[in-house]
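**Q**
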Amino acid sequence: MKKRIGLLYGGKSAEHEVSLITATAVTKAIDFDKYEVIPIYITLDGEWCRGPQLTKPAESVEELKFTKEESNPNYILEFILDENDKQAKFDVVFPLLHGTYGEDGTVQGLLELLNLPYVGNGVLSSAAGMDKVIMKQLFSVAGLNQVPFVYFIRYEWNQNKEALLSKCENELTYPMFVKPANLGSSVGINKASNREELEKAIHIAFKYDRKVVVEQGIEAREIEMAVLGNNEPKVSVPGEIKPTTEFYDYESKYKDGSTQLIIPAEVSPEVEAKMKDMAIRAFKILDCAGLVRADFFVRGDEVLINEVNTMPGFTPFSMYPLLWQNTGLNYPELIDQLIELAIERHKEKQQLQFNRE
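Be aware that the sequence shown starts at -9, since it is given in the working numbering, and climbs by one per residue.
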């Protein structure tokens, strides 16, 4: 019997288009002999639109966009229940949402309330992994080596701009990288080599979030590893990113195609062992489930964790699936495993007792 999969994509995020690319790619890899695939599109305005069942891959992202008029008006009801069988829920929801309102624990909270199995990380791990400051603070508690950083919120910036610029310069050295605390896909990230560039980069970052993190820039190799699993996570081979631009920005990731991805990366067995250990420790301290991509800076034998991504890029040409492909797990098999991991975790949760005896 086929499993009914709800593909959830789009969303109110600066990464809306990235999500559509991911959803299109998944439809081209998922096995329609195994799964009934129902598309659930969230518009940029936050409207939920459930489309008709997919019976073949989507040819383009436009094919996966729906409007209010094209979908049933009872969005949340129809999101939970099947049109033909009012008692039938989805077997698994596959959130392919990147950025805010999708990767940050908000939609995961909704799915928990609906008691639906879903692929990927839960509320806590999604929220903590999305907020770079919280993530870095947890890594610090776990003793994971990372670059120095400074953070502040918009209110503090408006009240004490000069003091915060001085704090950055006193605790860090140029170049620095300025990032919105809660966003991904390199949106809103800029490199600053002097105070003027630093102030400008902070203003840009505040367009995307109320909290900004300023990190010490370093000369290092950028190497990533993919983690897959629940209670016993496994780690892929390492992969190295070699952007032709100053850093791995949005254009490099999704548009110009100039970035080199070297898989497997050439690292010593000692460095690879350090990264594997740190990737699993990061996965566990954030209480992750399903999938995570762990990003590192490597200088000689020194390994620093940069961040983890709880919903990494997931097209066949993204680093996460490519890492698994080079570890012996192809893209369709990876989708199968993530669905099974979602069901496994949901069954484990159902064993908990919430009633009083």
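For every residue, glycine included, the Cβ atom is placed at its ideal position computed from N, Cα and C.
A quick note: this is a predicted structure, and the numbers were derived from the prediction, not measured.
1. Using C-beta distances below 6 Å, list every residue in its chain close to Gln250, excluding the 5 sequence neighbours before and after it, in chain order.
2. Measure the C-alpha to C-alpha separation of Val168 and Glu205 and round it to an integer number of angstroms.
3. Which complete beta strand (DSSP E) runs does the region 254 to 329 hold, if anything under 3 residues is left out?
4. If you count every other CB in all the chains shown that lies within 10 Å of the CB of Phe307, and 16 or more means buried, which is it?
5. In the structure shown, what three-state DSSP assignment does Arg211 receive?
6. Cutting at 6 Å between CB atoms, please list the residues of its own chain near Ala153, excluding the five before and the five after it.
7. For Glu214, count the other beta carbons within 10 Å of its own beta carbon; 16 or more makes it buried, fewer makes it exposed. Which is it?
8. Assuming Arg200 and Leu155 form a contact by the criterion Cβ under 8 Å, report the distance between their Cβ atoms to the nearest whole angstrom.
9. How many angstroms separate the CA atom of Asn180 from the CA atom of Phe273?
10. Helix, strand or coil, according to DSSP, for Glu338 in the structure here?
11. For a quick check, are the C-beta atoms of Tyr141 and Val113 less than 9 Å apart?
12. Starting from the C-beta of Pro107, find all residues in its chain whose C-beta is less than 6 Å away, skip the five residues before and the five after it, and write them out in chain order.
13. Taking C-alpha atoms, which residue in Asp326, Thr12, Val282 and Glu93 lies nearest to Ser226?
14. Please determine, among Gly229, Glu209, Arg211 and Lys151, the residue with the shortest C-alpha to C-alpha distance to Phe196.
15. In the structure shown, what three-state DSSP assignment does Phe84 receive?
16. Under 9 Å between the Cβ atoms of Ala356 and Ala255?
17. Helix, strand or coil: how does DSSP classify Glu7 here?
18. Less than 9 Å separating the beta-carbons of Val16 and Ile325?
19. Is the beta carbon of Ala117 less than 9 Å from the beta carbon of Gly89?
20. With DSSP run on the structure shown, which of helix, strand or coil describes Phe22?
21. For Tyr321, count neighbouring Cβ atoms within 10 angstroms of its own Cβ and tell me buried if that reaches 16, exposed if not.
22. From Cys158, Val177 and Pro85, pick the residue whose C-alpha is nearest to that of Thr300; which is it?
23. Quick one: Cα of Ala4 to Cα of Asn160, how far?
24. With a threshold of 16 other CB atoms inside 10 Å of the CB of Leu103, please say whether the residue is buried or exposed.
25. Excluding sequence positions up to five away, which residues of its chain have a Cβ less than 7 Å from the Cβ of Val162?
26. DSSP state of Met166, grouped into three classes?
27. Helix, strand or coil: how does DSSP classify Gln149 here?
28. Residues in the same chain with beta-carbon distance under 6 Å from Cys278, minus the five sequence neighbours each way, listed in chain order, please.
29. Work out the CA separation of His193 and Tyr145 for me, nearest whole Å.
30. Taking Ile295 as the reference, give the member of Asn221, Ala210 and Phe80 with the closest Cα.
31. What does the Cβ neighbour count give for Ala263, buried or exposed, with the cut at 16 atoms within 10 Å?
32. Going by DSSP in three states, Gln98 sits in which element: helix, strand or coil?
33. What does DSSP give as the partner residue(s) for Cys39 in the beta ladder?
34. Nearest to Lys79 by CA position, among Pro259, Met120, Ile28 and Trp38, is which residue?
**A** In brief:
1. Lys232.
2. Taking the straight line from one Cα to the other gives about 6 Å.
3. You should have 280 to 289 and 292 to 299.
4. With fewer than 16 other Cβ atoms within 10 Å, it is exposed.
5. Arg211: strand per DSSP, three-state reduction.
6. Cβ neighbours of Ala153 beyond the five flanking positions: none.
7. With 16 or more other Cβ atoms within 10 Å, it is buried.
8. Contact doesn't hold; Cβ gap of about 18 Å is too wide.
9. One C-alpha to the other measures close to 27 Å.
10. DSSP places Glu338 in helix when its eight states are reduced to three.
11. Taking 9 Å as the cut-off, the Cβ atoms of Tyr141 and Val113 do not count as close.
12. So the qualifying residues of the chain are Val82, Ala332, Ile333 and His336.
13. Looking at the Cα atoms, Val282 is the closest of the given residues.
14. For Phe196, the closest C-alpha among the options Gly229, Glu209, Arg211 and Lys151 is that of Lys151.
15. Phe84: strand per DSSP, three-state reduction.
16. Examination of residue 356 is not possible in this model, given that the chain is present from -9 through 347 alone.
17. Helix at Glu7.
18. Annotated as proximal: Val16 and Ile325, with beta-carbon spacing under 9 Å.
19. Their beta carbons are not under 9 Å apart, which means Ala117 does not touch Gly89 by this criterion.
20. Residue state, collapsed to three classes: coil.
21. Only buried fits Tyr321, as 16 or more other CB atoms lie within 10 angstroms of its CB.
22. Distances from the CA of Thr300 to each of Cys158, Val177 and Pro85 were compared; the closest alpha carbon is that of Pro85.
23. Whole-angstrom Cα-Cα distance: 32 Å.
24. Its Cβ having fewer than 16 others within 10 Å, Leu103 is exposed.
25. Going by the sequence as given, residue 162 is Leu instead of Val. Exclusion of the five residues before and after Leu162 leaves Pro138, Val140, Val204 and Gln206 as the residues of its chain whose Cβ lies within less than 7 Å of its Cβ.
26. If DSSP states are grouped into helix, strand and coil, Met166 belongs with the strands.
27. Under the three-state reduction of DSSP output, Gln149 falls in the helix class.
28. Cβ neighbours of Cys278 beyond the five flanking positions: Asn111 and Ser115.
29. Distance between the alpha carbons of Tyr145 and His193 is about 13 Å.
30. The residue with the shortest Cα to Cα distance from Ile295 is Ala210.
31. With fewer than 16 other Cβ atoms inside 10 Å of its own Cβ, Ala263 counts as exposed.
32. In this structure, DSSP gives Gln98 a helical state, which the three-state scheme calls helix.
33. DSSP, once it has assigned bridges, lists Tyr31 as partnering Cys39.
34. Check the Cα spacing between Lys79 and each of Pro259, Met120, Ile28 and Trp38: the tightest is with Ile28.
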